[in-house]
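Each residue of the sequence shown is one higher than the last, beginning at -6 in our numbering. Glycine included, each C-beta is placed from N, C-alpha and C at the ideal position. Encoded as structure tokens, the structure appears first; notes follow it.
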Amino acid sequence: MLNLVLFGPPGAGKGTQAELLIERFGLLHLSTGDLLRSEIAAGTELGVQAKKFMDKGELVSDDIVIEMIKSKLDANQDAKGIIFDGFPRTVAQAEAFDVVLVDYNAEVKGMLSLEVEKDELVKRLLNRGKDSGRADDQEQSIIENRIKIYNEKTSPLKKYYNNQSKLHKVEGMGSVEEIAARLVAVVEKL
Ligand code: AP5
């Protein structure tokens, strides 16, 4: 399986680029943010609990997210590969993920890390917030909190994957098409 971790801070373009990559390489797209927002929309207990954290820009608990990933892996064992978007997001999640993947005789092939300047992230998210309906895009203070949490809890994962020789940094500034071309060039070599 060609399992890729599409990585980067909030607003880096993970969701946008994942859509292009799944088409190009015939992969599945698995976004933990999208899965959690579906739970919220369906009004499940998990969704009610997750919303409290997401609306403030805080992370949902590792246990909840890992269970969601396991059930998606179970349901998609025949997939050619999966793009993981927004997961893993803590070192604990990455460690648990490596263990879980062994059960599926699979591994993370590479981490594609989109590198984008902070001002650009804030601009993109405030812009999307005008009509996305996402509570966490509405206020600059919440966006700043998401970026702060990314820097504290999530960015250490670059070191984690670099230690496994799987980190690929990709310039995430520029047009969607330019960035897609950079990502495709990396994936083609994996
Ligand atoms: P999640 O849904 O993962 O959101 P995020 O990481 O904050 O990322 P975004 O979706 O906001 O940005 P993106 O990088 O996908 O960029 P996008 O392509 O959308 O997580 C939301 C919340 O869920 C978290 O805060 C947490 O609470 C919880 N959660 C999720 N996963 C979790 C986990 N594993 N553990 C714990 N909690 C978890 O683009 C953003 C905007 O920019 C769009 O409007 C787009 O059109 C625009 N854009 C994209 N590319 C460009 C470009 N090149 N130029 C100009 N604009 C662009």
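Asked	Found
Rounding to the nearest angstrom, what Cα-Cα distance links valine 84 and leucine 29 in this structure?	20 Å
So, helix, strand or coil for asparagine 156, using DSSP?	coil
Can you name, in chain order, every residue of its own chain whose Cβ lies under 7 Å from the Cβ of phenylalanine 46, other than the five neighbours on each side?	Leu52, Val53
Alpha carbon to alpha carbon, how far is aspartate 96 from alanine 68?	14 Å
Could you tell me if the beta carbon of alanine 35 falls within a distance shorter than 7 Å of some heavy atom in the ligand AP5?	no
What does DSSP give as the partner residue(s) for glutamate 108 in the beta ladder?	Glu164
Using 8 Å for Cβ pairs, my map puts valine 180 next to leucine 14. What's the rounded Cβ distance?	7 Å
Going by beta carbon distance, what residues of the same chain come within less than 7 Å of lysine 162, once the five residues before and after it are set aside?	Ser106, Glu108
Shorter than 7 Å, the distance from the beta carbon of leucine 29 to the closest heavy atom of the ligand AP5, or not?	yes
Only counting runs of 4 or more residues, tell me where the alpha helix (DSSP H) segments fall wholly within the region 40 to 105, in order along the chain.	55 to 68, 84 to 96
Where does serine 148 fall in DSSP's three states?	coil
Taking 8 Å as the cut-off, does the region 133 to 146 touch the region -3 to 6 (at least 3 CB pairs, one atom from each stretch)?	yes
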